[in-house]
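The numbering of the sequence shown is this note's numbering, which starts it at 427 and goes up by one. We treat Cβ as the ideally placed atom computed from N, Cα and C, and that holds for glycine. All figures in this text were calculated on a predicted structure; none of them were measured in a lab.
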Amino acid sequence: MTELTNGARITLVGGGCITIKKELGRGGQGIVYLVSYNGKDMALKWYLNAPDKYFYTNLNNNILNGAPSDAFLWPKALTERQNGSYGYVMDLRPKNYFEFGNFLMAKAKFASFDAMLNAAMKICNGFMMLHRFGYSYQDLNDGNFFIDPKTGDVLICDNDNVMPQGEKSGIMGKARYMAPEVVAGGIPDKYSDRFSLSVILFMLFYANHPLEGAKVVACPCMTEAYEKKFYGSEAVFIYNPNDKSNLPVRGIHQNVIRRWPALPTVLRETFTREFSEEMLRNPQKRMIEQNWEKLIATLRDSLVICPHCKGETFIEEGKNTCLNCGKIINTSLQLKLGARTLYLTEGTKLYIDHNNSVDVQVQSDPKAGILLLKNLSPDATWTAETPSGKLKAVAPGDVMPVKAGIKVSFNQNTKGEIVQNN
Ligand SMILES: [Zn+2]
């Protein structure tokens, strides 16, 4: 037995020690304990069966290199080998974060599309940074993600399997999230991570697995051999336009049946391409994280607050009826930012860059009967230029009127113009 007792003191690599306070939970691999580290409450993952020396060295390297981004609940300290095993220390997961699986089973629900898009953006950015650091995640699945349903903030956990590109942690991923080439026996890498990323994103938007339709429902009992077929050699996207053998089933896959037509076209087109036969078989052709970020930014640009029902809805070229109330939304007031079009309706939030902080809030001035743009940036002062050439600074917290012809510099690189498109 390698279990630890409350009050036990465990020494750390590089000096210092932690004290076990109590068990928080356990899984197949190990036990998570609440520990005290320099007077601070933290978590210790303790392996029931110590993985090999290579795993230990890799974990130590990851700790020394630090987290690729704040999306990761990264290992912070490694214990010495003792009591027949070892473990690593990380921050505690805050209570307002729920396991992604809970969202799929409707036990947790995003407060808004805005929060959902924040989650998608944070996941894509986390993976982009992870790959830039030269790592691959290897064991991506719905148990690794914890999300705050209110804000969409994400924490990616279980980072102990993160390895340098091309090296194998020895711990196989879950079949449902592994790329077909890994299911067939290949080594996980950034290309297979990209497949797993597209599965996670699909599930985030549609609450259904992209390869689980009629074929999987008809399976009498999910064995390893069937898993290898459905997620590997014979994987078929549920909305593959050329192969309708795995369509979602009414009464079972209600979420995706309802959301697939409701969410924007660009999302359907992207997933149809990413889960096409060609992408399933050619890992190097899969979409890179930066392009997922661009896609999510495009979705964000099209998300507005409906002036009639105050609900969120997406505006598309030639389609401006509200998803909730069905009424037509006047989208004539727009902010043009290069090739981007942002719609200005009361209550809509605008994101100028790809981070997850709102830059502009559209609000109304009921007295003047006009809309205003409020600068929500903590430190950027905008410059507004009227059609006659007058310049006005808009400091953080200040507002400016929404009037056609006004040009706004949000920062050195981003300049926009308010237009009225009747
Ligand atoms: Zn509405």
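Within its chain, find whatever has a CB closer than 7 Å to the CB of residue i; leave out the 5 residues flanking it on each side and keep chain order.
i: residue 577; result: 541 and 544
i: residue 615; result: 562, 591 and 592
i: residue 808; result: 801, 820, 834, 835 and 836
i: residue 846; result: 758, 759 and 830
i: residue 673; result: 639, 640 and 664
i: residue 429; result: 457
i: residue 799; result: 786, 788, 825, 826 and 828
i: residue 731; result: 738, 771, 772, 773 and 774
i: residue 763; result: 840 and 842
i: residue 661; result: 606, 637 and 706
Quickly, what does DSSP pair residue i with across the bridge? List them, please.
i: residue 836; result: BP columns for residue 836 are empty, so no partner.
i: residue 633; result: Bridge partners of residue 633: none, in fact.
i: residue 730; result: 739
i: residue 827; result: 798
i: residue 770; result: Bridge partners of residue 770: none, in fact.
i: residue 435; result: 445
Counting only the same chain and skipping the five closest in sequence on each side, list residues whose C-beta sits under 8 Å from that of residue i.
i: residue 855; result: Because residue 855 is not part of the residues shown, which for the chain are 427 to 848, the question remains open.
i: residue 675; result: 639, 640 and 643
i: residue 532; result: 633
i: residue 623; result: 549, 550, 553, 566, 715 and 718
i: residue 571; result: 525, 526, 549, 580, 581, 582, 583 and 626
Sorted by chain position, which residues of the same chain lie with C-beta nearer than 6 Å to residue i's C-beta, five sequence neighbours on each side aside?
i: residue 493; result: 500
i: residue 813; result: 831
i: residue 367; result: Lying before the first or after the last residue shown, residue 367 is absent from the chain, which here runs from 427 to 848.
i: residue 438; result: 503 and 505
i: residue 794; result: none
i: residue 780; result: 719 and 723
Could you tell me if residue i is buried or exposed, where buried requires 16 or more neighbouring beta carbons within 10 angstroms of its beta carbon?
i: residue 513; result: buried
i: residue 726; result: buried
i: residue 583; result: buried
i: residue 768; result: buried
i: residue 748; result: buried
i: residue 754; result: exposed
i: residue 480; result: exposed
i: residue 610; result: exposed
i: residue 696; result: buried
i: residue 607; result: buried
Whole-angstrom Cβ separation of residue i and residue j, contact assumed at under 8 Å?
i: residue 575; j: residue 631; result: Going by Cβ atoms, the distance from residue 575 to residue 631 rounds to 15 Å, so no, they are not a contact pair.
i: residue 444; j: residue 436; result: 5 Å
i: residue 849; j: residue 555; result: Any question about residue 849 goes unanswered here, given that the chain covers just 427 to 848.
i: residue 515; j: residue 463; result: 6 Å
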